[in-house]
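Participant: Take the position in the sequence shown, starting the count at 1, then add 671; the result is the number in this note's numbering.
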Amino acid sequence: MQFSELGLSAELLRAIGEQGYTTPTPVQQQAIPHILAGRDLEALAQTGTGKTAAFVLPILQRLSNPLSGQTSSTLQKVTHTAPRVLVLVPTRELAAQVLESVRLYGAHTGLRSLAVFGGVGINPQIQTMRRGIDILVATPGRLLDHLGQRTVDLSKVQTLVLDEADRMFDMGFIRDIRRIIERLPKERQNLMFSATFAAEVRELAHTVLRNPAMVEVARRNAPAELVTHTVIKVDQDKKRDLLLHLFAAHGWHQVLVFCRTKHGSDALARKLEQAGVRTAALHGNKSQNARTRALADFKSGKLAALVATDIAARGLDIDSLPRVVNFELPNVPEDYIHRIGRTGRAGASGEALSLVSGDERIQLRDIERLLKREIETSVLPGFEPQHTHSVPRPAGGRPSAPNPAQARARTGAGNRSGAPRPARSGGSGAAKPASHHSGQRHR
Ligand code: AMP
């Protein structure tokens, strides 16, 4: 299928061509006709599937050509200065990326757009809004600030997009979202994108969407197939030294390292820097400028490591990393999938290496259940764990504690990944997949 078959305008096709895209991705093929026809939509699609263009392109089309796919009741004169489209996103990074897409794809449409998010001054946002915009991309907190100050007018919104709806829940934005939705006109088109259909996402879909079209696409890469998963067992207080050892021994570059907390990310980034590994930390307390710079330096290869929290890394447009390191396992197993989605993309192989201490065995077990497979484990000489923690035996009967006889030390010299070669851990196969749960997060 070609983009031209989707009924997009010449201005949009030109912009798409300039991006070098030849064929629409599955989510684009499925979603664009529904959105052009004015229908509500519920889409299960992750970052990396082309979901942003899947809603941005038809939205631009409808805004620039009010006749396209609309019923006569929605026909209006194009003289608005208040936004006609509102895209709600969970993070500043995603807001900036969605805005970038809107501007790229809308380059020849003359439509005006703005992203509002916290961490930067509010006044420039107010000034731009006053000049008139068509598409507003916003994080919930900053949008509520604007609503409180009456510096935004949402009375003309015809289309609402909830992007990464599952993350909105994870980050506790649901009440903010409901407050924002109350301020929108009742008659509007609603589009919801989510990486999971967890119960709370379904519930929101139920209350917000009207007779939605459903679109569901597979992940662009199935993580278990393209990514090598490895666990190194190590005590918590030895993790930093072990990580430094790995950087020094293998000359690693472009490694995305995940920590659970902002404080932990800062401390680890400092330690790596002190040891001569060019590193930046990426988390919610960083200014927007610092984050943008860190990301650019990481992408260009100037930084060897980027230490990030789950939330800060969410939605980042970084593809095809050779390696992702979990300095700590996430509390919520789905986050493991999000984390490793950064590596092994576009057919390239990648490595997901987790440093796992004794008190993280439950998280490891939950991740293995979600992946429906066991992860290879090893220990490194000089970093053998001293502390053992017992863990309750799961219902499926798989022993959670490692089998010491099989967790042999390997040096990993000369293997493909540069990480220690894994040894099988004890166990008799993963148990049933875990159901989604939103555990307590510490960030
Ligand atoms: P997203 O899932 O929206 O984060 O998009 C992931 C990446 O895919 C982005 O870098 C887009 O520029 C790129 N992309 C989107 N649509 C296409 C397409 N039809 N062909 C090739 N790349 C695309």
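Backbone N, C-alpha and C define an ideal beta-carbon position, used for all residues, glycine too.
#1: For the region 692-709 against the region 772-784, are there 3 or more C-beta pairs whose distance is under 8 Å?
#2: Which same chain residues, not among the five before or five after residue 739, have their C-beta less than 7 Å away from its C-beta?
#3: Along the beta strand (DSSP E) that carries residue 929, what are the first and last residues, could you check?
#4: Heavy atom of the ligand AMP less than 6 Å from the Cβ of residue 719, yes or no?
#5: Assign residue 903 to one of three DSSP states: helix, strand, or coil.
#6: Around the C-beta of residue 865, are 16 or more other C-beta atoms found within 10 angstroms, so that it is buried, or is it exposed?
#7: Would you mind working out which of 758, 764 and 791 sits nearest residue 804, comparing C-alpha positions?
#8: Helix, strand or coil: how does DSSP classify residue 1049 here?
#9: Would the C-beta of residue 695 count as close to the ligand AMP, meaning under 6 Å from any of its heavy atoms?
#10: Over the uninterrupted alpha helix (DSSP H) stretch that includes residue 619, give me the two end residues.
#11: What does the alpha-carbon distance come out to for the pair residue 1039 and residue 1004?
#12: With DSSP as the reference, identify every bridge partner of residue 860, one or two as the case may be.
#13: Under 7 Å, Cβ to Cβ, is there at least one residue of chain B near residue 837?
#14: Measuring CB to CB, does residue 978 end up less than 7 Å from residue 961?
#15: When DSSP builds the beta bridges, which residues end up paired with residue 952?
#16: How is residue 898 classed by DSSP in three states: helix, strand or coil?
#17: Would the beta-carbon of residue 722 be found less than 6 Å away from any heavy atom of the ligand AMP?
#18: Check the C-beta distance from residue 954 over to residue 936 and give it rounded, since I have them as a contact under 8 Å.
#19: Round the Cβ separation of residue 1163 and residue 913 to the nearest angstrom and send it over; I've been treating them as touching at under 8 Å.
#20: Identify, in the order they occur along the chain, each residue of the same chain with its Cβ nearer than 8 Å to the Cβ of residue 1109, setting aside the five sequence neighbours on each side.
#21: Should residue 933 be labelled buried (16 or more other beta-carbon atoms within 10 Å of its own) or exposed?
#22: Which residues does DSSP list as the beta-bridge partners of residue 865?
#23: To the nearest angstrom, report how far apart residue 675 and residue 983 are at their CA atoms.
#24: Pull up the distance between the alpha-carbon of residue 677 and that of residue 776, whole angstroms please.
#25: Can you give me the Cβ contacts of residue 1028 inside the same chain, cut-off strictly under 6 Å, excluding the 5 residues immediately before and after it?
#26: Looking at C-alpha atoms only, which residue of 1009, 1053 and 685 is the closest neighbour of residue 1041?
#27: Could you name the residues of the same chain whose beta carbon sits closer than 8 Å to that of residue 815, not counting the 5 residues immediately before and after it, in chain order?
Facilitator: Well, looking at it:
#1: no
#2: Per-residue confidence for residue 739 stands at a pLDDT of 44, beneath the threshold of 50, marking its modelled position as unreliable; no derived number is given.
#3: Note, residue 929: beta strand (DSSP E), 926-929.
#4: yes
#5: strand
#6: buried
#7: 758
#8: strand
#9: yes
#10: What the structure shows of the chain is the stretch from 672 to 1114, and residue 619 is not part of that stretch, so it cannot be assessed.
#11: Computed Cα separation, rounded: 9 Å.
#12: 830
#13: Chain labels in this structure do not include chain B; a single protein chain is all it has.
#14: no
#15: 978
#16: If DSSP states are grouped into helix, strand and coil, residue 898 belongs with the strands.
#17: yes
#18: 5 Å
#19: Only positions 672 to 1114 of the chain appear in this structure, which leaves residue 1163 out of reach.
#20: Bear in mind that a pLDDT of 33 at residue 1109, under 50, signals an unreliable position, so the model cannot answer this.
#21: buried
#22: 715
#23: 36 Å
#24: 15 Å
#25: 906 and 907
#26: 1009
#27: Cβ neighbours of residue 815 beyond the five flanking positions: 847, 850 and 851.
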